[in-house]
Amino acid sequence: MHPGRPVLAIVVLLVLLGGAVGLQAVRERRPDLTPPQVSQSSLLYIRSGSVLQRAALSYDGLVADLYWIRALQHFGRTKLSTREGKQYDRLYPLLDLTTTLDPRFDIAYRFGAVFLAEAYPGGAGRPDDAIALLRKGLAQQPAKWQFAQDIGFVHYWWKHDYTEAAAWFRKAGQMPGAPNWLEPLAAVTLARGGNRASSRRLWQEVLATARVDAEWLRPQAEFRLAQLDAMDQIAAIERVIAAYRARVGDQPSTWADLIRTGFLRGVPRDPSGTPYAMNPYWGTVTLQPDSPLAPLPVEQAP
Amino acid sequence: MTFRVIGRVAVNVFKESVRDKVLYNLVVFAVLLIAASFLIGQLTAGQDVKIIKDLGLAAISIFGLLIAVFIGIGLVWKEVEKRSIYVILSKPIRRHEFVLGKYAGLVLTLTVNVVVMTAAFYGVLAVMHWKTDPAIRAAWSVSALDPHLLVAVLLILVELMLVTGIALFFSTFSSPFLSAVLTLGLWVIGHFNADLRNFDQVLASKPAIWLARGLYYVLPNFSAFDVKAQAVYGLPVAPGYVAFTSAYGVLYLAFVLGAAVTVFARRDFK
Numbered sequence: 001m002h003p004g005r006p007v008l009a010i011v012v013l014l015v016l017l018g019g020a021v022g023l024q025a026v027r028e029r030r031p032d033l034t035p036p037q038v039s040q041s042s043l044l045y046i047r048s049g050s051v052l053q054r055a056a057l058s059y060d061g062l063v064a065d066l067y068w069i070r071a072l073q074h075f076g077r078t079k080l081s082t083r084e085g086k087q088y089d090r091l092y093p094l095l096d097l098t099t100t101l102d103p104r105f106d107i108a109y110r111f112g113a114v115f116l117a118e119a120y121p122g123g124a125g126r127p128d129d130a131i132a133l134l135r136k137g138l139a140q141q142p143a144k145w146q147f148a149q150d151i152g153f154v155h156y157w158w159k160h161d162y163t164e165a166a167a168w169f170r171k172a173g174q175m176p177g178a179p180n181w182l183e184p185l186a187a188v189t190l191a192r193g194g195n196r197a198s199s200r201r202l203w204q205e206v207l208a209t210a211r212v213d214a215e216w217l218r219p220q221a222e223f224r225l226a227q228l229d230a231m232d233q234i235a236a237i238e239r240v241i242a243a244y245r246a247r248v249g250d251q252p253s254t255w256a257d258l259i260r261t262g263f264l265r266g267v268p269r270d271p272s273g274t275p276y277a278m279n280p281y282w283g284t285v286t287l288q289p290d291s292p293l294a295p296l297p298v299e300q301a302p
Numbered sequence: 303m304t305f306r307v308i309g310r311v312a313v314n315v316f317k318e319s320v321r322d323k324v325l326y327n328l329v330v331f332a333v334l335l336i337a338a339s340f341l342i343g344q345l346t347a348g349q350d351v352k353i354i355k356d357l358g359l360a361a362i363s364i365f366g367l368l369i370a371v372f373i374g375i376g377l378v379w380k381e382v383e384k385r386s387i388y389v390i391l392s393k394p395i396r397r398h399e400f401v402l403g404k405y406a407g408l409v410l411t412l413t414v415n416v417v418v419m420t421a422a423f424y425g426v427l428a429v430m431h432w433k434t435d436p437a438i439r440a441a442w443s444v445s446a447l448d449p450h451l452l453v454a455v456l457l458i459l460v461e462l463m464l465v466t467g468i469a470l471f472f473s474t475f476s477s478p479f480l481s482a483v484l485t486l487g488l489w490v491i492g493h494f495n496a497d498l499r500n501f502d503q504v505l506a507s508k509p510a511i512w513l514a515r516g517l518y519y520v521l522p523n524f525s526a527f528d529v530k531a532q533a534v535y536g537l538p539v540a541p542g543y544v545a546f547t548s549a550y551g552v553l554y555l556a557f558v559l560g561a562a563v564t565v566f567a568r569r570d571f572k
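Those sequence lines, one after another, are chains D and P. Counted from 1, the first sequence has number 290 at position 290 by my numbering; the numbering is strictly sequential. Counted from 1, the second sequence has number 461 at position 159 by my numbering; the numbering is strictly sequential.
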């Protein structure tokens, strides 16, 4: 390039850059010009945490962060995917690698357990893996009452094993620094199992804790409390329908029947603002399928 | 006066590195951290401060390592290659003063780098600290501005001083490429030190076990300088550990520089 012609040089450079950008744009539009696709998210190059720890040299903390971000992306992408038969099969290995590289990565254990335990397709539907991950955390930090509480929680909410849940709540309550509501919660769980009142108590305590030291749990707790509110509202509306049936002698066909006769003031809406659906044959009330709160958890006898 | 001569060579090396735009890496470091602090909050489910700490300490270490290796290996070689070594050695400067001055100059460059990077690191953490709601901040197990991070930075600097010494040693007798390979090789092996110590658990041969054990003691133990995880989680690192590890680094460095001076003193430049 001639040193005395800077304008010409800039123009030539811009033309060259423009050419490269243009070719890239062409590649975008031509599938035959794009490189063969290998799904990066489906690859897990190293499965052994100890090998990865050595390979990371002294940067295991940073590599753990990268694996944590990968775990979040894998979970988020799979959760949002509309593909049939989608799988969260790399979620546990990614969380396991993260926590092997950085054994004090508390949120990877706790948040990871939420992802693993959540029922499929919203989550991996693997409460056993969630418990294994939390137990690994507890082995690393035996005084961390939050891990024991979370194990109890997974037994309670996802496995409906109230005896185990109570045992873990009690264990957590006896750890140093644990809040004083955990041991009473253990007693309530053991006595009343998975009834709605004890579930509400559990989520209210989780929400109170989340406001202090686990902000990431707040949306989950608020969501579950809204679901419990919806279950209470459905029960109340079904009682109103029963009263209508007793007075009129027939099932209401629509919400309008109940409003016209003064049993309801308007179309009842769930806590997300979506109208409830009524089955006119059975007189039952459910969430609309497109309600953000659907599906409601299944209540099981203790 | 030996120290005055060493000082002059060191200042020249520092000025040369400034002229060579080595300090531009500080801009890259600052941009990396600031960009990461904006992006990571969106990706990491509330772990942004922890990740910025990991990233900041790793970046200080990696940038420093690259400078130590890739400038360290050229310190002596460049003078020989340009034949300016004849002019330098014809002046009232002894060979050991030249080698030690070169080393001190690069360490000065590295120290300035590390100090500025640490200041920028704390600057980004301070912004994150002030931007976070006080109620959430109160729940952090470790403050964003935790001074424990400085302990990790101190040991990173000692590690970099040792790496620089090793790079300089290799550059006194071999080509830059070979020096870089050997220095980086030693640095990697130095992080596998614990494996060398435990070879008896996987080997049956006594001589192989003794060899591994011997290498464990002789090769520089770089893993000892790594307290980044403790610093990030605010776990205390005993002052005795820091003092002992620093003393180990300084003693090993003295050995490496002694070897570099000895080799360079015996080199024939005809």
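For glycine and all other residues, C-beta sits at the position ideal for the given N, C-alpha and C. Keep in mind the model is a prediction, meaning the values are calculated, not measured.
Open item on the list: Counting C-beta neighbours from all protein chains within 10 Å, is the total for L17 of chain D 16 or more, i.e. buried, or is it exposed?
Closed with: As a first step, residue 17 of chain D is located in the first sequence; it is residue number 17 there, counting from the start. By the neighbour-count rule (16 or more Cβ atoms within 10 Å), L17 of chain D is not buried but exposed.
Task: F524 of chain P versus A545 of chain P: straight-line alpha-carbon distance, rounded - done: On the second sequence, residue 524 of chain P is found 222 positions in, with the first residue counted as 1. On the second sequence, residue 545 of chain P is found 243 positions in, with the first residue counted as 1. Cα-Cα distance, rounded: 15 Å.
TODO: Classify R231 of chain D as helix, strand or coil using the three-state DSSP reduction.
DONE: Indexing the first sequence from 1 puts residue 231 of chain D at position 231. For clarity, residue 231 of chain D is Met in the given sequence; the question names Arg instead. DSSP places M231 of chain D in helix when its eight states are reduced to three.
TODO: Please state whether DSSP places A71 of chain D in a helix, a strand or coil.
DONE: By 1-based counting over the first sequence, the position of residue 71 of chain D is 71. In this structure, A71 of chain D counts as helix in the three-state DSSP scheme.
- [ ] Let me know if F571 of chain P comes out buried or exposed under the rule of 16 or more other beta-carbons within 10 Å of its beta-carbon.
- [x] In the second sequence, the residue the question calls residue 571 of chain P occupies position 269. Label assigned to F571 of chain P: exposed.
Task: Span of the beta strand (DSSP E), counted from its first residue to its last, around V285 of chain D - done: For the purposes of this step, residue 285 of chain D is taken as residue 285 along the first sequence, with counting starting at 1. 284-286 is the extent of the beta strand (DSSP E) around V285 of chain D.
Task: Euclidean distance between Cα positions of N495 of chain P and Y550 of chain P - done: Locating residue 495 of chain P in the second sequence gives position 193, counting from the first residue. Locating residue 550 of chain P in the second sequence gives position 248, counting from the first residue. Those two C-alpha atoms are separated by around 15 Å.
Task: Straight-line gap, V416 of chain P to I362 of chain P (C-alpha atoms, nearest Å) - done: Working through the second sequence from its first residue, we reach residue 416 of chain P at position 114. Working through the second sequence from its first residue, we reach residue 362 of chain P at position 60. One C-alpha to the other measures close to 6 Å.
Open item on the list: Considering only heavy atoms of the ligand FMN, does any lie closer than 7 Å to the CB of I259 of chain D?
Closed with: As far as ligands go, the structure on display features none, and thus does not contain the ligand FMN.
- [ ] Between the Cα of A271 of chain D and those of D:R265, D:R247, D:P292, spot the shortest distance and give me the residue it belongs to.
- [x] Walking along the first sequence from the start, residue 271 of chain D turns up at place 271. A quick correction: the sequence has Pro, not Ala, at residue 271 of chain D. The option with the nearest alpha carbon to P271 of chain D is D:P292.
TODO: Alpha carbon to alpha carbon, how far is A20 of chain D from M1 of chain D? Give it in angstroms, no decimals.
DONE: Locating residue 1 of chain D in the first sequence gives position 1, counting from the first residue. Locating residue 20 of chain D in the first sequence gives position 20, counting from the first residue. For M1 of chain D, the predicted structure reports a pLDDT of 48, less than 50, and the residue's modelled location is therefore unreliable. The matter cannot be settled from this model.
Task: Among P:W432, P:V401, P:A454, P:L410, the one whose alpha carbon lies nearest that of A526 of chain P - done: As a working note, residue 526 of chain P is residue 224 in the second sequence. Ranking P:W432, P:V401, P:A454, P:L410 by Cα distance to A526 of chain P puts P:A454 first.
TODO: Give the straight-line distance between the Cα atoms of L368 of chain P and L225 of chain D, rounded to the nearest whole angstrom.
DONE: On the second sequence, position 66 is the one that residue 368 of chain P refers to. On the first sequence, position 225 is the one that residue 225 of chain D refers to. Taking the straight line from one Cα to the other gives about 53 Å.
Task: Start-to-end residues for the beta strand (DSSP E) that takes in A277 of chain D - done: Translated into positions along the first sequence, residue 277 of chain D becomes position 277. Where A277 of chain D is concerned, the enclosing beta strand (DSSP E) stretches over 277-279.
Open item on the list: Looking at the strands, I want to know which residues DSSP matches up with R269 of chain D.
Closed with: Residue numbering aside, residue 269 of chain D sits at position 269 when the first sequence is read from its first letter. D:P275.
TODO: Within its chain, find whatever has a CB closer than 7 Å to the CB of W181 of chain D; leave out the 5 residues flanking it on each side and keep chain order.
DONE: Numbered from 1 along the first sequence, position 181 holds the residue referred to as residue 181 of chain D. Within the same chain, W181 of chain D has close Cβ partners E205.
- [ ] May I ask you to report which of helix, strand or coil DSSP gives V144 of chain D?
- [x] What you label residue 144 of chain D is simply residue 144 of the first sequence in a count that begins at 1. The identity of residue 144 of chain D in the sequence shown is Lys, whereas the question assumes Val. Coil at K144 of chain D, not helix or strand.
- [ ] Compare the C-alpha of A221 of chain D against each of D:R239, D:F153, D:A130 and name the closest.
- [x] Residue numbering aside, residue 221 of chain D sits at position 221 when the first sequence is read from its first letter. Answer by Cα proximity: D:F153.
TODO: Can you pull the chain D residues whose beta carbon is under 7 Å from the beta carbon of K530 of chain P, in chain order?
DONE: Along the second sequence, one-based indexing puts residue 530 of chain P at 228. Correct list: S58, G61.
Task: Cβ distance (whole Å) where A332 of chain P is taken to contact A422 of chain P below 8 Å - done: As a first step, residue 332 of chain P is located in the second sequence; it is residue number 30 there, counting from the start. As a first step, residue 422 of chain P is located in the second sequence; it is residue number 120 there, counting from the start. That pair is a contact at about 5 Å.
Task: Where E118 of chain D falls, given that 16 or more other Cβ within 10 Å makes a residue buried - done: As a position in the first sequence, residue 118 of chain D is number 118, starting the count at 1. Classification of E118 of chain D: buried, given that the 10 Å Cβ count is 16 or more.
TODO: Find out if the Cβ-Cβ distance for the pair F75 of chain D, L91 of chain D is shorter than 8 Å.
DONE: In the first sequence, the residue the question calls residue 75 of chain D occupies position 75. In the first sequence, the residue the question calls residue 91 of chain D occupies position 91. Taking 8 Å as the Cβ cut-off, F75 of chain D and L91 of chain D qualify as a contacting pair.
Task: Proximity of Q207 of chain D and L185 of chain D at Cβ, strictly below 8 Å - done: Mapped onto the first sequence, residue 207 of chain D falls at position 207. Mapped onto the first sequence, residue 185 of chain D falls at position 185. It should be pointed out that residue 207 of chain D corresponds to Leu in this sequence rather than to Gln. For L207 of chain D and L185 of chain D, no; Cβs fall outside 8 Å.
Task: Per-residue DSSP class, three states only, for M175 of chain D - done: On the first sequence, residue 175 of chain D is found 175 positions in, with the first residue counted as 1. Three-state DSSP puts M175 of chain D in coil, outside helix and strand.
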